[in-house]
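Report on the structure given below.
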Amino acid sequence: MAFLATLSAQTEELVAAVTAVTATTDSSTFAALCDATLRALRNHNNLRTNQFEVESQLDGLAERFAVAGRDALAGALRERRTALTKHDPAGQPLTTKWTPEVLHFLLELSDRPATRTGLLDDLDALIASRHMPEPPPLRWEDIMREDGWVSEADVEEDDYDDDDDYVDRYGYDDDESGHDDDTTMSSVEADGHGQARTYRDLIATDGHTRGELATLLTSIRESQSWRTARPPNAAPGEDAPNNRVLVSELQIVRDTLFMLQGLDTTLFGRDCVLVDRYRLSDVSVSMHTSLLDSVADCGRRLLPLRKRAGLEHSQGLQRNDAAPSTPLLQVFQEAIQRRLHAFDQEVTSVQARFVTMPSDGCMVSLVGVLNELQPSLKNLFALSGVVEKLDVAERGNAYAFRYLELLFDATAIAQYEGSADLYEFLGTIFFDCFQVYLRPIRSWMEEGVLDRLDKAFFVSGGGPIDASVPLHQIWNGQYKLLRTTSGVLHAPRFLQPAASKIFTTGKSIVVLRHLGKDPRRASTGIDHRHTTDTEPRLDFGTVCPPDAAMAPFAQLFGDAFDHWIQSKHHAASATLQATLVGACGLGAALESLHRVFLMADGAAADAFASRVFHSLDTRNPRWLDRYTMTEMIREAYGESGALSVALEKQGLHPDSDDPLVARRSVRDGLARIRPTYRLAWPVQIVIPAASLAGYQSVFTLLLQIRRASALLSRHRLLDDGQGEQGDEDDNNNGNGGGGRGHALPSGDRALYFSLRVRLLWFCNTLQSYLTTLVIAPRVEQLRQHLLGQNGATTLDVDDMIAVHAQFVRSLVDEALLGGKLEPLHAGVLDLLDLVLRLEDAHRANGARVARALQETWRLSVLSASVSATPTSRQYQTPTKRGGWTGPSPRTGADSVRRTLFLASPRRPRRRDVLGDDNVDGDVDDDDDDYDDDGYDDEAEGQNNDNDENDDSYETKNATKTNTQEMDYSSSLRAIRSDLDNTLRFVTSGLRGVARASRDATAAAKWDMLAEMLGDDGSGRSERSRW
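For any residue, its number in the working numbering is found by taking its place in the sequence shown, counting from 1, and adding 233.
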């Protein structure tokens, strides 16, 4: 503990000696420095000096001395080393544990001791100088003795007031003197007499005799005698007004001028307070007090300026010798000093008229002097008001540029009041100080460099190369705008409208440097209509010309500063935009995103979608494999490694990867397919990764629409040979078998075809709306604004980011994918799910009819071989309604075969699904165990119609009826009811959001979609018949 206490005390002494900071001056800083130093000393990793190496170096040095013939020096070194090994008289060794360090330190300080000579002599001279006695102090007697002056007694007896005695004693008279008036050393030496200079040579007469000088001195003393005079005939207890010393107006004017210059005066005391001891003659006490109080008030109003400028001479002010800490405050102090210096010169010119009493009898007027100085005083008073407000703000820890705001407001107020001189005075000071604040702005906008020591600038961040920030986050992550705790930008109020352009321009320069572009050389081919070769001037004469006196100062400054910023902003923004679009491939990246995510390439989109749908319909267990999906989409679009597929899991059905679950709805399975596109880091500045989510949501909706359209377009409208009772009755009435194939469908067949047409109309309408009214116009608008096509204006990166973000936002909202449009999006997906329900019901009904016909065919064949029945009934069986099923008497076995073939589910050809070029695609050939219609052979062989679990549609809406528990006709009627209700909800919702939306463009598109969906492809009279 004693060691730690000693170490702490020594550390405090070390810190105080090195940093000049003590616990009394700055306790917090001193404590922090002591802690850091003590921690470094206690935890140092430096090794001790090798004492054996030091001994070896000393031995080698002695050997070099001997070789160089410096035997005396070698012997002296050996003697000193031998003396270190001995003990002192107390028996203590002379060496310590630090002896090797000291010797090593001396070796490091040595400078070629073996070759340099005269070292010992210099050392001896240094030792001898320490023992030399100090010279005696210089005395006047010695000076007079050396220079031949008179004795000290004669000097003391001199009386300079008595001119005659002076001349008699020393025989000095200007009229008879042969000495020249010039008493400089050059004139004495030029005399040629060889006499030393005496005190007489130091007397300056300025052409006056001693009598004249004495008279002048007497007159000066008499003129200033009022300062120490007492009131005449004043009793001790007399009233105070009568006890005042009467002074002339000239004396008051002189003291007033001295007081205005910041000097000590007799009439005005501490802080320019009027002294009641004196009174102006020939005026009343009240008049005297009123007049001089106004004069003292003028002096008091100038005190803040002199204190801020550091020009306090006296007047009870404490001089502030500490210079301002920032250049921004230093230039303000220098501006105040120059204005005060100009005012002092003006006061001096007034004083020159009152040095002596005017001989022409002109009148001296204090009021006239004040009126003469009033214009300058008015300007200084306004500046003093700014300084007083600044002092109050600084006590509340105000920022350094606060005085710029105060000057700006004071200049604008002076213009409003119509004071032209004050307007120019304050405006000139403002622009002089503003030039210093422009330095970091100019450095940031031209070079992208920040001064980390500058706390007044509103931009902060790392250096131009900051490895901690990824390249694609340079724009938004490396730099930031400084704001106060209340969220206000840390910048002058008059600069806040232009702060974003300043911030953007500097970041543009930083990005260009990362791209290896020099903004000053890379601006070739850029439209320079908005740029200037030279920087516009920002001074009062340029910004506020006389012909613009009626324009507000704020507007004049804003226009001039915008022009100044535009001279630097336009070139940087145009260069960066051209670089991003051209060299960095922003235009190509947008085209790829539109081609893939918005399915601008229909052939490639169909190729990818058909392969996905085939894997899903064949119930391929690996249909949602990410690597297979990535290979499929790259082959379809001809892309390389930039395009891939990711699988979304959050918020979806847990079994959505199961083909049995995914093929029953478009919601979960297809929604998991999320294409991703890897962009270059400069392109990611404009198109961040977050914006790809909007592209992916639109891609999912387009893929879901293609899924529904593909299912509806798979079956051809052929006569399936199935007849209803009505058709049979028509045949019995003589229509003939040949006309039955051309009769209009009725019953369930007609209802199915009606639903199919309506759903197909809905899918085509929705597809047309998205491609022609949403995607195409928005993409064209994006090309014009973002890529600068068709003469569009130049955008900076922030504007480009905003344009693209607005494009994605508008695309998502108009496609009914926005957060507030979720109910309408859910209604659209319900309508698309109805397509899957309809096709499932139709396939299930077709499978049941096929099994019934196969059983009929089998029984008819058996009955034909064992029974003798009329030829007209050999293929018919009785029905519950008393009729006959099977081939009619007018049809034979060929008709039964035809009916049986057409009623059975048709397996789609692989060429129809994958295309001619994709017959040998990457779809797994192990899916032969599954039929293309979605039903396996084992399930179709069961006799129980209620066991068709794979063909049922599981819905989340409790109002929907399970197809397993209803027949084909009931399923169709339930689908028709859901179609009418959902479509009515969607159309009415579209009209509602169109009326409530503030976006006129989106509202018009939603209203148009509602009108398009209202005409769903079937007349109202036809719908009413069902």
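Just so it is clear, CB atoms sit at the ideal spot from N, CA and C, and this is done for glycine as well.
If you're wondering where the values come from, they're calculated on a predicted model, not measured in any experiment.
DSSP beta-bridge partners of residue i
i       : result
Pro326  : His320
Arg512  : Leu479
Ile735  : DSSP output for Ile735 lists no bridge partner at all.
Ser714  : What sits at residue 714 in the sequence shown is Leu, not Ser. Val692.
Phe1040 : According to DSSP, which records beta bridges pairwise, Phe1040 is partnered with nothing at all.
Thr348  : None, per the DSSP bridge assignment.
Arg1011 : According to DSSP, Arg1011 bridges with nothing at all.
Ile906  : Leu880
Exposed unless 16 or more other CB atoms sit within 10 angstroms - verdict on residue i
i       : result
Arg907  : buried
Met862  : buried
Asp1029 : buried
Phe641  : buried
Glu1072 : buried
Tyr649  : exposed
Phe846  : buried
Thr442  : exposed
Phe790  : buried
Asp850  : buried
Gln668  : exposed
Arg939  : buried
Tyr860  : exposed
Asn1078 : buried
Ala615  : buried
Gln548  : Confidence at Gln548 is low in this model, with a pLDDT of 48, below 50, so the placement of that residue should be treated as unreliable; the coordinate-derived value is given next. Result: buried.
Leu237  : exposed
Asp1211 : buried
Gln607  : exposed
Ser514  : exposed
Ala585  : exposed
Phe501  : buried
Ala811  : buried
Pair within 8 Å by beta-carbon distance, residue i and residue j
i       : j       : result
Glu881  : Arg905  : yes
Ala1048 : Leu1003 : yes
Ser1204 : Ala1074 : yes
Val248  : Leu274  : no
Glu567  : Val583  : no
Leu686  : Val597  : no
Phe1040 : Leu1006 : no
Pro725  : Glu638  : yes
Ile742  : Ala807  : no
Pro703  : Cys817  : no
Leu623  : Thr644  : no
Reference residue i; option with closest CA among the options
i       : options                            : result
Leu823  : Tyr860, Glu1013 and Val251         : Glu1013
Asp654  : Phe773, Phe667, Leu623 and Gly618  : Phe773
Thr1215 : Asp1240, Leu1064 and Ala1080       : Leu1064
Pro730  : Asp792, Gly681, Phe786 and Val776  : Asp792
Thr827  : Asp858, His1037 and Leu306         : Before going on, a small fix: residue 827 reads as His here, not Thr. Ranking the options by Cα distance to His827, first place goes to His1037.
Asp1031 : Arg1209, Ser1202 and Leu809        : Leu809
Asp733  : Gly710, Ser719, Ile920 and Phe691  : Rather than Asp, the amino acid found at residue 733 in this sequence is Ser. That would be Phe691, whose Cα lies nearest to the Cα of Ser733.
His337  : Val287, Leu1044 and Gln484         : Val287
Asp858  : Asp839, Ser1202, Gly874 and Val878 : Val878
Arg314  : Arg726, Pro368, Pro322 and Leu327  : Leu327
Leu613  : Leu535, Gln578 and Ala647          : Leu535
Glu341  : His521, Val916, Gln290 and Phe995  : Gln290
Ser843  : Val625, Leu903 and Gly1247         : Leu903
Phe491  : Trp459, Asp509 and Val528          : Val528
Gly293  : Asn997, Leu310 and Asn283          : Leu310
Cys666  : Leu715, Phe736, Ile569 and Ser676  : Ile569
Ala1059 : Ser1093, Ser825 and Val1219        : Val1219
Cβ of residue i within 8 Å of any chain B Cβ
i       : result
Ala1077 : Absent from the structure is chain B; it holds one protein chain and no more.
Whole runs of the beta strand (DSSP E) within the stretch 617 to 694, excluding any shorter than 3 residues: 692 to 694
Start-end ranges of the alpha helix (DSSP H) lying completely within the stretch 839 to 897, minimum 4 residues: 859 to 870 and 892 to 895
Jot down the residue ranges of each uninterrupted beta strand (DSSP E) in the stretch 289 to 321, minimum 3 residues, whole runs only, in chain order. none
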